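Data block below; observations after.
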Amino acid sequence: MSEENEDTMIEGIGNEVVWGLTLTFAVLVPLLYFIFKRWRCRQAQTIHPESEQVVADTREQIFRRRTVENLANEASGAMRVRSNDSEIQCPVCLGDASYAIETNCGHVFCGQCMITYWRHGTWLGAVRCPVCRQQVTILLQCFTEREQNSQEEDDIQERNTILADIHNYNRRFSGEPRPIIDYIRDLPTLLRHLWNEFFSVGGLMYMFRIRIILCFVAACMYLISPLDIIPEAIFGILGLFDDMFVFLLLAIYVSIIYRRFVTNRAHDAANT
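Start counting the sequence shown at 1; every next residue gets the next number (UniProt numbering).
Structure representation (structure tokens):
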């Protein structure tokens, strides 16, 4: 047996391959765990036990307000029927999500329910998600096409009120410093909304779109460039680790760009 084989951890496999696979699994396993956990939480939007009392108070406020609205509409003879094409159930009011809001952790609520949860809770800063208890640092609108384009007076008033509250919340809390793990957790939600706005009319401004395109082009050039920090030709699979790390940093940076865009939009809405 040669000296080269004696120095390897596993006979017939180079040490760089072993270390490369180890580091790859060390990155992929936690990332896949967070994605799977987020998916499971979204599938079953059940209220966290620590949030049950606050949610119960919020639910009471919502039902009381809707009762007053219905009585007022009956008295005026203009009964309003709430209808939307949302397929998501709000875990607060247990009805179809109306003028839905999505948190950075990926949970969806009625706009009115989430705002009431924020307004009537004893929060010192940003609220904690009623489902997973993660700190909610940004609210993203998920209005249906009918809700977005409705020209009925009541719908316009409710839509504008919820949008104003969303902008108010984002203006206060979306710029707070956060640990790196929170940026990774928020990637699936923020990148999905970024993707939707990137290809929508009236979504992201052209300057933001150009910055995102340049970041993507730079990452692709680094991927195909032979001048890697850890070249694959020498280190084998381990050389892919720096490529994965670069793309992860790119995703985090792009999510930060989108978060700043949402914050700036909130400030612009407050100044108009």
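Beta carbons: idealized from backbone N, C-alpha and C, even for Gly.
Fair warning: this is a prediction, and the values are worked out from it, not measured in the lab.
Round the Cβ separation of Ile138 and Val262 to the nearest angstrom and send it over; I've been treating them as touching at under 8 Å. 6 Å
Contact under 9 Å by Cβ, Thr189 with Gly106: yes
Please classify Ser200 as buried or exposed, where buried requires at least 16 neighbouring CB atoms within 10 angstroms. Ser200 comes out exposed.
From the DSSP output, in three-state form, read off Glu50 for me. helix
By Cβ distance, which residues of its chain are closer than 8 Å to His87, with the 5 residues on each side in sequence left out? Position check: residue 87 holds Glu in this sequence, whereas His was assumed. These residues qualify, in order along the chain: Asp96.
Considering Glu147, what are the terminal residues of the alpha helix (DSSP H) in which it resides? Counting along the chain, the alpha helix (DSSP H) containing Glu147 begins and ends at 145-149.
Would you call the region 148-155 and the region 104-120 touching, i.e. three or more CB-CB distances under 8 Å? no
Does the distance from the C-beta atom of Asn104 to that of Leu163 stay below 9 Å? The Cβ atoms of Asn104 and Leu163 do not sit closer than 9 Å to each other.
Out of Leu71, Glu69, Phe63, Asp182, which has the shortest C-alpha to C-alpha gap to Cys93? Phe63
Could you tell me which of Ser98, Gly125, Pro49, Cys220 sits nearest to Ile66, measuring between CA atoms? Inspection of the sequence shows that residue 66 is occupied by Arg rather than by Ile. Across the set Ser98, Gly125, Pro49, Cys220, the C-alpha of Ser98 shows the shortest separation from the C-alpha of Arg66.
Sub-9 Å separation of Ala219 and Leu194 beta-carbons: no
Per DSSP, what kind of secondary structure is Val108 in: helix, strand or coil? Strand, per DSSP.
Which residues bound the beta strand (DSSP E) around Thr122? From DSSP, Thr122 is part of no beta strand (DSSP E); its letter is neither H nor E.
Grouping DSSP H, G and I as helix and E and B as strand, with all else coil, what is Ile138? coil
In three-state DSSP terms, what is Glu102? The answer is strand: DSSP assigns Glu102 an E or B state.
Which residues DSSP lists as bridging Asp243, in chain order: Beta-bridge pairing links Asp243 to no other residue.
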